[in-house]
Amino acid sequence: MDGMVTGLERLTADMTAWRRDLHAHPETAFEEQRTSDFVAEKLASFGLEVHRGLAKTGLVGILRNGDGPMVGFRADMDALHIHEETNLPHSSRNPGRMHACGHDGHTAMLLGAARYLTEHPDLFRGTIVFIFQPAEENEGGGRVMVEEGLFDRFPVEKVFGMHNWPGLEVGRIALRPGPLMAAYDIFELTLTGKGTHAGMPHMGTDTIMVGSQIVSALQTIASRSVHPIDSAVVSVTQFHAGDTWNVLPGTAVLRGTVRTFRPEVQDLVQRRMGEVATAIAAGFGVEASLRYERRYPPTTNSAAETELARRAAARVVGEEALDLDPMPSMGAEDFSFMLQKRPGCYIWVGAGPSDQGRNLHSPHYDFNDAVLPIGTSYWVRLAETVLSK
Numbered sequence: 001m002d003g004m005v006t007g008l009e010r011l012t013a014d015m016t017a018w019r020r021d022l023h024a025h026p027e028t029a030f031e032e033q034r035t036s037d038f039v040a041e042k043l044a045s046f047g048l049e050v051h052r053g054l055a056k057t058g059l060v061g062i063l064r065n066g067d068g069p070m071v072g073f074r075a076d077m078d079a080l081h082i083h084e085e086t087n088l089p090h091s092s093r094n095p096g097r098m099h100a101c102g103h104d105g106h107t108a109m110l111l112g113a114a115r116y117l118t119e120h121p122d123l124f125r126g127t128i129v130f131i132f133q134p135a136e137e138n139e140g141g142g143r144v145m146v147e148e149g150l151f152d153r154f155p156v157e158k159v160f161g162m163h164n165w166p167g168l169e170v171g172r173i174a175l176r177p178g179p180l181m182a183a184y185d186i187f188e189l190t191l192t193g194k195g196t197h198a199g200m201p202h203m204g205t206d207t208i209m210v211g212s213q214i215v216s217a218l219q220t221i222a223s224r225s226v227h228p229i230d231s232a233v234v235s236v237t238q239f240h241a242g243d244t245w246n247v248l249p250g251t252a253v254l255r256g257t258v259r260t261f262r263p264e265v266q267d268l269v270q271r272r273m274g275e276v277a278t279a280i281a282a283g284f285g286v287e288a289s290l291r292y293e294r295r296y297p298p299t300t301n302s303a304a305e306t307e308l309a310r311r312a313a314a315r316v317v318g319e320e321a322l323d324l325d326p327m328p329s330m331g332a333e334d335f336s337f338m339l340q341k342r343p344g345c346y347i348w349v350g351a352g353p354s355d356q357g358r359n360l361h362s363p364h365y366d367f368n369d370a371v372l373p374i375g376t377s378y379w380v381r382l383a384e385t386v387l388s389k
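See the structure below:
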C-alpha cells in the first residue's frame with residue numbers, strides 16, 4: 001500500500017474551498033451554468049484543453065502527456081430539488097436546491113486530480129479525458145453526452161467513475177465486477193371508468209377501488225413472476241384520483257418506479273405489469289393504459305477494468321480496506337450509459353456514518369470533506385495504473 005499521494009495538504013485545502021463554494025451554489029439538471037463556468041476556469045488555469053457544450057452544460061478537460069492510451073474519468077455536477085436544512089456556513093444560497101448527493105465533492109475531487117496530474121506528468125503516459133457531466137439526477141445527462149458524441153470526439157478506451165457512499169466507513173472503498181447499481185424505469189398507469197355519486201356506486205365504476213387492487217397485485221410480480229434468485233422492485237409512489245368527498249372519480253392515475261439488474265427481468269416486469277393491470281381493470285369494466293419508460297440501464301462493471309480499479313484502490317487504502325463483494329444497490333446511476341459504450345468501473349468511496357439524516361438525498365446531508373484526499377488519490381493512482389509509463 002502506497003497510501004494517499006504525497007503533497008496533498010495545499011491541494012486538499014483548495015479542494016475543500018472549491019467543494020464548499022459549489023455546495024453553496026447548487027444548480028439542477030442542465031442548469032449548471034455557474035458550476036460549468038467554475039470548472040472550466042479551473043481546468044484552464046491548470047493548463048488543460050477545455051471543450052464545452054456537450055449536453056448543454058457538460059464539459060471535458062483534456063490532459064495529454066505523450067503517446068499512450070486515452071482513458072476517461074467522470075464526475076457529475078448537478079444538485080437536487082431539495083430545501084437544505086443543514087444550517088452550515090456553506091449551505092445552499094439557492095432556495096429549493098441542494099447538493100444532497102455529494103456531486104459537489106465528486107467535482108472537487110476530479111478537479112483536484114486534474115491539477116495534481118498536471119503538476120506530476122512523470123506519473124503517467126497517455127491522455128486523460130476529465131468528463132464533467134450535468135443532470136445525473138433523473139434526467140440522464142450521461143445519456144445525452146453519449147448521444148451528442150462524447151466518445152466520438154474523445155475516443156477513450158476505458159471509462160471510470162465514483163460515488164461517495166454514506167454507511168461505508170471513511171477509508172474504505174467498495175467495488176465489484178458485474179452489476180453494482182440497478183436499472184431505473186418509471187411507469188404511469190391510467191385507469192378510465194365511469195364516475196358516479198359516492199352514495200350510488202352501482203351506477204359507475206370505482207377506479208379508486210380498482211387502482212387499490214392493482215397496487216397490491218403488482219407486488220406479486222417480484223414474488224411470483226420473477227425467479228427467486230433474480231431481483232426486482234416495483235414501487236407505486238403516486239396515486240391520484242378524485243377531487244371531492246362525494247364523488248367516485250372516473251379516472252385514476254398511478255405512477256412509480258421499477259428496479260432490476262438484468263434485461264430479461266426488465267422485459268418480464270414490464271410485460272407482467274401490463275397484463276396484471278389490464279386483467280384486473282377489465283374485470284371491473286375499467287380500461288387500463290400503461291406508459292412504461294426505461295430511464296437508466298444497470299451500472300455494470302467490466303471485469304478487467306474492475307481489476308485495474310482494485311489495484312489502484314488498494315494502493316490508496318490497502319487491500320484490507322477494500323470491499324470486493326458489496327451488495328448491489330437498487331439505486332440507479334446514469335454513468336451506466338457510458339459503461340454501455342466503453343468498458344469501465346464505478347466504485348463507492350466510504351463517506352462515513354449515515355445516521356442522523358446524513359444519507360444521500362437528505363436535507364441534512366453534507367459531503368464529508370475527509371473523503372476529498374482519498375478520492376483524489378484514487379484518481380491519481382488509477383492514472384498511474386492504467387497509463388503506466
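Going by full-length UniProt numbering, the first residue of the sequence shown is number 1, and it counts up by one from there.
Using N, Cα and C, we set each Cβ at its ideal position, and we do this for glycine too.
Keep in mind that this is a model prediction, so the values were computed, not measured.
How big is the Cα-Cα spacing for residue i and residue j?
| i | j | result |
| --- | --- | --- |
| ALA281 | LYS341 | 41 Å |
| ARG176 | ILE347 | 8 Å |
| ALA29 | GLU136 | 7 Å |
| PHE130 | LEU117 | 11 Å |
| ARG253 | VAL247 | A small correction: the amino acid at residue 253 is Val; Arg does not occupy that position in the sequence shown. Taking the straight line from one Cα to the other gives about 16 Å. |
| SER45 | GLY53 | 19 Å |
| GLU275 | SER289 | 11 Å |
| THR6 | ILE374 | 12 Å |
| GLY178 | ARG311 | 17 Å |
| MET162 | LEU339 | 13 Å |
| THR220 | GLY211 | 15 Å |
| PHE154 | GLY61 | 10 Å |
| HIS197 | GLY250 | 11 Å |
| ASP37 | TYR296 | 27 Å |
| ASP325 | ASN301 | 13 Å |
| GLU147 | GLY72 | 16 Å |
| ASP334 | VAL316 | 26 Å |
| GLN238 | ASN87 | 31 Å |
From the DSSP secondary-structure annotation, give me the bridge partner or partners of residue i.
| i | result |
| --- | --- |
| ALA288 | LEU191 |
| MET98 | LEU80 |
| ASP185 | VAL258 and ARG294 |
| GLU49 | ILE62 |
| GLY126 | ASN65 |
| LEU54 | GLY58 |
| MET70 | THR127 |
| PHE132 | LEU59 and ALA75 |
| GLY283 | Answer is none; GLY283 lacks a bridge partner. |
| PRO179 | THR300 |
| ALA174 | ASP323 and TRP348 |
Report yes if the C-beta distance between residue i and residue j is below 7 Å; otherwise report no.
| i | j | result |
| --- | --- | --- |
| THR207 | GLU287 | no |
| ALA55 | TYR184 | no |
| GLU85 | SER92 | no |
| VAL170 | GLY318 | no |
| PRO343 | LYS158 | yes |
| PHE367 | GLY141 | no |
| HIS25 | ARG19 | no |
| PRO166 | SER354 | yes |
| ALA79 | THR107 | no |
| GLU293 | ILE186 | yes |
| ALA222 | ALA232 | yes |
| GLY204 | SER235 | no |
| GLU188 | ARG291 | yes |
| LEU387 | PHE124 | yes |
| VAL269 | VAL258 | yes |
| GLY112 | ASN164 | no |
| GLU32 | MET77 | yes |
| VAL39 | PHE132 | yes |
| LEU372 | MET15 | yes |
| CYS345 | THR376 | no |
For residue i, report the span of its beta strand (DSSP E) as first-last.
| i | result |
| --- | --- |
| TYR116 | No beta strand (DSSP E) holds TYR116; the alpha helix (DSSP H) holding it covers 103–119. |
What residue range does the alpha helix (DSSP H) around residue i cover?
| i | result |
| --- | --- |
| GLY161 | Premise fails: GLY161 lies in the beta strand (DSSP E), 158–165, not in any alpha helix (DSSP H). |
| GLU384 | 372–386 |
| ASP14 | 9–24 |
| MET145 | 141–147 |
| PHE151 | 150–153 |
State yes or no: is the C-beta of residue i nearer than 6 Å to some heavy atom of the ligand ADP?
| i | result |
| --- | --- |
| GLY149 | Among the ligands in the structure shown, none appear at all, so the ligand ADP cannot be discussed. |
Worksheet entry | Those runs of the alpha helix (DSSP H) which lie wholly inside the UniProt domain "Peptidase M20 dimerisation" (187–264) and span at least 4 residues | 207–220
Practice prompt. Please list the segments of the beta strand (DSSP E) lying wholly inside the region 292–359, counting only runs of 3 or more residues, in order along the chain.
Written response: 299–301 and 344–350
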